[in-house]
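Chains as they are written, first to last, in the UniProt record's numbering: chain A, 1 to 400; chain B, 1 to 382.
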């Protein structure tokens, strides 16, 4: 596998070469802590990077605000030279927590997205800083909302072929991340945005990080709770791509059931729910689980055996027997026994009937740009649990 | 329809002689001449019967060795045998090259096609490049059997619908004439009745009333005729409207049938045909979306690499339970060690500039495809 880091990701095809080649360097030099060390060169260099940054900034126009959150504001924008090429500009707010730097989410997002170019991963076209050192990410514009919207909308009917198509796109995106040794760590339906042509794209890399480093502890406080795998709930500090596969499995189950499958109110409740649904982890089915930092021994009288194939067949009849097999392999308690993204894609299910729907024919819904706005402004690992969750949504006459 | 005696006489072929049996019209006034489109040699009906009744035979004209069949003999339409021949050729070519104007992209392409067709006909008529032209025509007919048949059906349909319309119009005209005559008759009768009425009233009434009665009678007649006229006008308008809508419907029908027609054009033979989109056969679903899994150009991954640095981790139960996999570390290390080999930035830049100068839009998956594209260098083992 040979990947060159050459950025070729601008939405415009007419691009001056020198500009692209230096663009990322320019941004890097702007971020604090990365300042050029020789005192003499600093002035000239600053001017150069500033100029390059201005070049990038001036290529885009901000049109209207799509959404605002605590962490970022998302605008609809377009290329100055080509008003028909739409982009989403995510402006990261200067955070009070990180007074003299950028928030981790922003750094992660830029760091990993700029290296990934795949049809199922949101494209990062450009990065620039605007006044007050605000970081602006120029992202692909995905106007058709997200999967959560489709799952929740009772007026939309979809079938096994549609689920297969969505899962295929999600699995390809996750596989590509893992193949490049990047964990997404926040896979959930509202981070799966839908492009104009129906393609599902993995978005929000605010919690992403590279993995497989030995002896390097990673945090277990990632992934939105409902989609968090048991090893993270038990406080594992060294884990692998299997955490994303679990989330994928839960998303799969949610797509089939149209309600969140294991939705715990707290981390403890989440463990209980998982044990009830899939079985209680024991030393037999998961060697070493009792040694995990926050392992809670299960009630001796209430040990649920690990669910077999029958359970998945019964619970998810729409997936069919082969689909139930795949779901079972994605929701295995022991992470080292769980399928890898590559194994998921090699599964028989993709070739059994029904054939996945063509992406153009997938069910869709209008008014997704506001949804994209709210999706991109959310902080990683959070749910949409605002105090006014069940109140009627404000009518937006612009969307009509 | 056999030509009438007068027309034959008009042609002045009283002394016409059959070139085969030498019998003349003088002796046999009912003599008919027949030709065969194989060679266009003329002979009388009795000769055809005599020579070809028992099966195909050679043409009796000296020097012509064509084998003729009886069923192909027919009456001559044009006096000039060359015209007859050209018309036959034209009919045959037109039957094969029966493309329609709506099948072409532009007026220009249609005109080119017409010219090409004329050229083919001229070639066949004048005997230039006959073998090649025939071969072309034959292969075209083979390749475009469906569209030829569709267009023929379309033509037949058009002809029959034209016929239908013609008879319908004739019928309508007849009805109109009938109605007009009827009206005239009614008018006449009413006028007579009115006049009689006036007369009888005049006979009955006094002398002073005469002028008043006459005026009144005139008025009644006028009123009636004007009422009739307005009624007629109304009916006529109604009919016109009806006819208009019928025409429109017929036009629409013709358009939809024209859309349906079409087949696979032979791009080498007739140019400018509209591309007919045939749906591509669905490719089998590729879960990896065009990328190849586990593709390594420069190394093969081993299951175990001895390292004292990694040994403690191998024994670490927590890491194992958390799903940490040393295999991923090996894989990543080797990937990073060899990343960039086989990537030539200059070439990629040149390639990108070339595509962007062409104005081609870059497909999103280009980089991914490049990633999966295999490199020819042999795999090394570490």
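Even for Gly, the Cβ is constructed at its ideal location relative to N, Cα and C.
With DSSP run on the structure shown, which of helix, strand or coil describes residue 20/B? coil
Would you mind giving the Cβ-Cβ distance between residue 279/A and residue 333/A, rounded to the nearest angstrom? I have them listed as a contact below 8 Å. 6 Å
May I ask you to report which of helix, strand or coil DSSP gives residue 44/B? strand
Residue-chain proximity (residue 173/B, chain A), Cβ-Cβ < 8 Å: no
Which two residues bound the contiguous beta strand (DSSP E) that contains residue 200/A? 200-202
Residues of chain B with a CB under 8 Å from the CB of residue 215/A: which are they? 313
To the nearest angstrom, how far is the alpha carbon of residue 121/A from that of residue 250/A? Cα to Cα, residue 121/A sits roughly 19 Å from residue 250/A.
If residue 203/A sits next to residue 375/A, beta carbons under 8 Å apart, how far is it from one beta carbon to the other, in whole angstroms? 7 Å
For the pair the stretch 32-47 of chain B and the stretch 74-93 of chain B, tell me if three or more CB-CB distances fall below 8 Å. yes
To the nearest angstrom, how far is the alpha carbon of residue 143/A from that of residue 153/A? 17 Å
Under 8 Å, Cβ to Cβ, is there at least one residue of chain B near residue 231/A? Chain B, which has a Cβ nearer than 8 Å to the Cβ of residue 231/A, makes this yes.
Just to confirm, are residue 329/A and residue 339/A a CB contact at a threshold of 8 Å? yes
Over what stretch of residues does the alpha helix (DSSP H) that includes residue 152/A continue unbroken? 147-152
Keeping to the same chain, check which residues put their C-beta closer than 7 Å to that of residue 308/A; ignore five residues upstream and five downstream. none
Buried or exposed for residue 28/A, please, with buried defined as at least 16 other CB atoms from any protein chain shown within 10 angstroms of its CB. With a pLDDT of only 41 at residue 28/A, under 50, the local geometry of the prediction cannot be trusted, and no value is derived from it.
Would the stretch 143-155 of chain B count as touching the stretch 295-311 of chain B if we require 3 or more Cβ pairs under 8 Å? no
Say whether the stretch 228-246 of chain A touches the stretch 178-189 of chain A, bearing in mind that this needs 3 or more beta-carbon pairs closer than 8 Å, one atom from each stretch. yes
The stretch 130-149 of chain A / the stretch 281-295 of chain A touching (three or more Cβ pairs under 8 Å): no
Can you give me the C-alpha to C-alpha distance between residue 261/A and residue 232/A, rounded to a whole angstrom? Approximately 18 Å, taken between the alpha carbons.
To test your reading of the DSSP string, which unbroken beta strand (DSSP E) runs of 3 or more residues are found completely within the stretch 196-245 of chain B? none
Kindly indicate the opening and closing residues of the alpha helix (DSSP H) around residue 90/A. Where residue 90/A is concerned, there is no enclosing alpha helix (DSSP H), although the beta strand (DSSP E) it sits in stretches over 82-92.
By how many angstroms is the C-alpha of residue 195/A removed from the C-alpha of residue 59/A? 23 Å
What are the uninterrupted segments assigned as alpha helix (DSSP H) that are 4 or more residues long and contained completely in the stretch 293-325 of chain A, given in chain order? 309-315
Residue 242/A and residue 229/A look like a contact to me (Cβ under 8 Å); what is the Cβ gap, rounded to whole Å? 7 Å
Starting from residue 332/B, find everything on chain A with Cβ-Cβ shorter than 7 Å and list it in chain order. 181, 212
Distance, residue 111/B Cα to residue 144/B Cα: 20 Å
Nearest chain A C-beta to residue 346/B closer than 8 Å, yes or no? no
Closer than 7 Å at the beta carbon, the chain B residues around residue 240/A: 323, 324, 325, 328, listed in chain order.
Would residue 203/B be called buried (16 or more neighbouring beta carbons within 10 Å of its own) or exposed? exposed
With 8 Å as the threshold, decide whether the Cβ of residue 305/B is near any Cβ in chain A. Answer no: the Cβ-Cβ gap between residue 305/B and chain A never drops below 8 Å.
Return the CA-CA distance between residue 329/B and residue 316/B, expressed in angstroms with no decimal places. 15 Å
Status (buried if at least 16 other CB within 10 Å, exposed otherwise) for residue 47/B: So residue 47/B ends up on the buried side.
Residue 20/B to residue 96/B span [Cα, whole Å]: 35 Å
Thinking residue 168/A and residue 287/B are a contact (beta carbons under 8 Å), I'd like their distance in whole angstroms, please. The Cβ separation is near 6 Å, so the contact holds.
According to DSSP, residue 138/A sits in a beta bridge with which residue or residues? 89/A, 126/A
Which of the residues in the stretch 289-309 of chain A, read from start to end, lie with their CB under 7 Å from any CB of chain B? 289, 291, 292
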